[in-house]
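Numbered per the numbering used here, the sequence shown spans residues 7 to 274. A virtual CB, placed ideally from N, CA and C, is assigned to each residue, including glycine. On a predicted model such as this, the values are computed, not experimentally measured, just so you know.
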Amino acid sequence: MIVITASLTLAACGGADDDGRNLVDRAKDGQLRIGIKFDQPGLALKKPDGSHAGFEVDVAKYIAKQLGVNESGITWKEAQSAQREELIKKGEVDFVVATYSITDKRKKEVSFAGPYFVAHQNLLIRANDNDITGPESLNAHRKLCSTKGSTSAQYVKATYANDVQLQEFDKFTDCVTALLSGTVQAMTSDDVILAGYATQYKGKLRLAGKGFTDERYGVGLRKDDKVGLEAINKALHQMQQDGSWRGSLETHVGPSGYSIPEPPAIAP
Ligand code: GLU
7 MIVITASLTL AACGGADDDG RNLVDRAKDG QLRIGIKFDQ PGLALKKPDG
57 SHAGFEVDVA KYIAKQLGVN ESGITWKEAQ SAQREELIKK GEVDFVVATY
107 SITDKRKKEV SFAGPYFVAH QNLLIRANDN DITGPESLNA HRKLCSTKGS
157 TSAQYVKATY ANDVQLQEFD KFTDCVTALL SGTVQAMTSD DVILAGYATQ
207 YKGKLRLAGK GFTDERYGVG LRKDDKVGLE AINKALHQMQ QDGSWRGSLE
257 THVGPSGYSI PEPPAIAP
């Protein structure tokens, strides 16, 4: 009877893998499951050999290291935009580093450390398209692609819903494919993400116009894990201080021509 009660309590705490300990204590086992994007060149890309590379991969590894977990102890899990809150709440990942904007709505479900980067929503178009110069040039004849569960889709729906036909996919790369093939005329997401695709398809795709929102990227973790939150903030601060933050951005994002901003102030 006691055993049954205990397992029910654990299940109620948020999933089979969530044993109720804070992040710092869980990391003492030497293993972490980290949610990350798999299809964003420069930020977090899963390569054909199964390895992961990019600025966000470096951020995740840096945090893990500060928590005492080496790269060999990390299990990478794909965290598509619409899945991030659920992955955290169900205890399927220990934290998420996945171009995850800090918003009040999301803060009701998860906690955010950071921000560790500030990006701006923008448009990606075909390189030879001279008609689209910004979101205001989108109209009812144009099809725009975005990813489900992203702030980009929400913003466009709220601001330009009457002017443009929005198509939403789970994966960023599905939007890129649709844009290359001409099924849609533009894709909207954060400039730093789009810059990676513009580099991958140089001469075929380019960014249009100026950024039109501020997207403060946070590390998502279980709501109310104050100890975990503080530990991640400390790691992010140190990553900025010792030069690793800028070094990683210069290596992975710099080649796209994206101008590396100053690091944002991390919430205390
Ligand atoms: N940063 C935005 C968001 O968190 C767009 C990018 C994404 O969905 O990963 O929704």
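Reduced DSSP secondary structure (H/G/I, E/B, other) of residue i
i	result
residue 267	coil
residue 219	coil
residue 72	helix
residue 258	helix
residue 190	coil
residue 170	coil
residue 38	strand
residue 44	coil
residue 146	coil
residue 179	helix
residue 139	coil
Residue i CB to nearest heavy atom of the ligand GDP below 7 Å
i	result
residue 165	Ligands in the displayed structure: the ligand GLU; the ligand GDP is not one of them.
Expected contact under 8 Å - CB spacing of residue i and residue j to nearest Å
i	j	result
residue 158	residue 205	Wrong, their Cβ atoms sit about 19 Å apart, outside the cutoff.
residue 70	residue 235	Not confirmed; about 16 Å, so no contact.
residue 214	residue 140	6 Å
residue 225	residue 123	Between residue 123 and residue 225 the Cβ distance is about 11 Å, and since that is not below 8 Å, they are no contact.
residue 125	residue 221	4 Å
residue 241	residue 68	6 Å
residue 182	residue 149	Contact doesn't hold; Cβ gap of about 14 Å is too wide.
residue 121	residue 207	Contact doesn't hold; Cβ gap of about 29 Å is too wide.
residue 211	residue 185	7 Å
residue 80	residue 38	6 Å
Bridge partners - residue i, DSSP secondary structure assignment
i	result
residue 242	Note: residue 242 sits in no beta bridge, so no partner.
residue 58	52
residue 214	129
residue 195	128
residue 63	Residue 63 pairs with nothing; no bridge assigned.
residue 226	102, 118
residue 158	DSSP output for residue 158 lists no bridge partner at all.
residue 153	175
Counting beta carbon pairs with one atom in the segment 190-209 and one in the segment 112-129, are three or more of them shorter than 8 Å?
As far as the Cβ criterion goes, the segment 112-129 touches the segment 190-209, which means the pair count is three or higher.
Should the segment 107-126 be called in touch with the segment 222-232, which here means at least 3 C-beta pairs below 8 Å?
Short answer: they touch.
Counting only runs that start and end within the segment 74-120, where is the alpha helix (DSSP H) found for 4 or more residues in a row?
Taking only runs of at least 4 residues, the alpha helix (DSSP H) segments lying wholly in the segment 74-120 are 90-95, 110-113.
Within 8 Å, do at least three Cβ pairs link the segment 68-86 to the segment 24-40?
Verdict: yes, contact present.
Determine, using beta-carbon pairs with one atom in the segment 40-47 and one in the segment 56-63, whether at least three such pairs fall under 8 Å.
Flag = yes, the segment 40-47 and the segment 56-63 touch.
The segment 145-158 / the segment 244-251 touching (three or more Cβ pairs under 8 Å):
Taking a cut-off of 8 Å for Cβ pairs, the segment 145-158 and the segment 244-251 do not touch, as fewer than three such pairs fall below it.
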